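In the UniProt record's numbering, the protein residues as written are 1 to 134. Think of the CB as a built atom: it goes at the ideal place given N, C-alpha and C, for glycine as much as any other residue. Because the structure is a prediction, the values reported are computed rather than measured. Below you'll find the structure, written out as structure tokens, and then a few comments.
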């Protein structure tokens, strides 16, 4: 059975952090499961792409582009927006984290995988299982 997983931006960023080998290995394992269908939002692209593009880190850009090509983008539409507002209101989740949670819900993901600490409000969502690789 295919797992439906929404990947938070920080997991993609950490996959390329050679200085943090253990967490990078866990991040790579999370984003490359054969039995998973992956999801992301336009916010993910906004959070991961500008810095490597601006700084000429072509390998990073190629890595992200390749991963985005294997995953499904959940567009920020009225449904995602309303869901994000509900998540932010109900659980005191920060706006961009609320967009990630809402996108995962709209995608029908079974979980949202992040590298955030479990003390973040996004972990209090009762509508989406949030799991950290830390």
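Taking 7 Å as the cut-off, is the C-beta of residue i nearer than that to any heavy atom in the ligand FAD?
i          : result
residue 37 : Because no ligand of any kind appears in the structure shown, any question about the ligand FAD cannot be addressed here.
Just to confirm, are residue i and residue j a CB contact at a threshold of 8 Å?
i           : j           : result
residue 12  : residue 67  : yes
residue 27  : residue 36  : no
residue 30  : residue 113 : yes
residue 84  : residue 102 : yes
residue 110 : residue 5   : yes
residue 96  : residue 130 : no
residue 105 : residue 122 : no
Roughly how many whole angstroms lie between the Cα atoms of residue i and residue j?
i          : j          : result
residue 34 : residue 98 : 28 Å
residue 18 : residue 24 : 7 Å
residue 21 : residue 80 : 34 Å
residue 58 : residue 10 : 19 Å
Along the alpha helix (DSSP H) that carries residue i, what are the first and last residues, could you check?
i           : result
residue 16  : Counting along the chain, residue 16 falls outside any alpha helix (DSSP H), and DSSP gives it neither H nor E.
residue 102 : 95-107
residue 54  : 50-54
residue 84  : 78-91
residue 66  : 58-70
Round the Cβ separation of residue i and residue j to the nearest angstrom and send it over; I've been treating them as touching at under 8 Å.
i          : j           : result
residue 40 : residue 94  : In fact, because the Cβ distance is near 18 Å, the residues do not count as touching under 8 Å.
residue 64 : residue 48  : 5 Å
residue 87 : residue 125 : 6 Å
Going by DSSP, what residue range makes up the beta strand (DSSP E) through residue i?
i           : result
residue 120 : It is not in any beta strand (DSSP E) - residue 120 carries neither H nor E in the DSSP assignment.
residue 6   : 3-7
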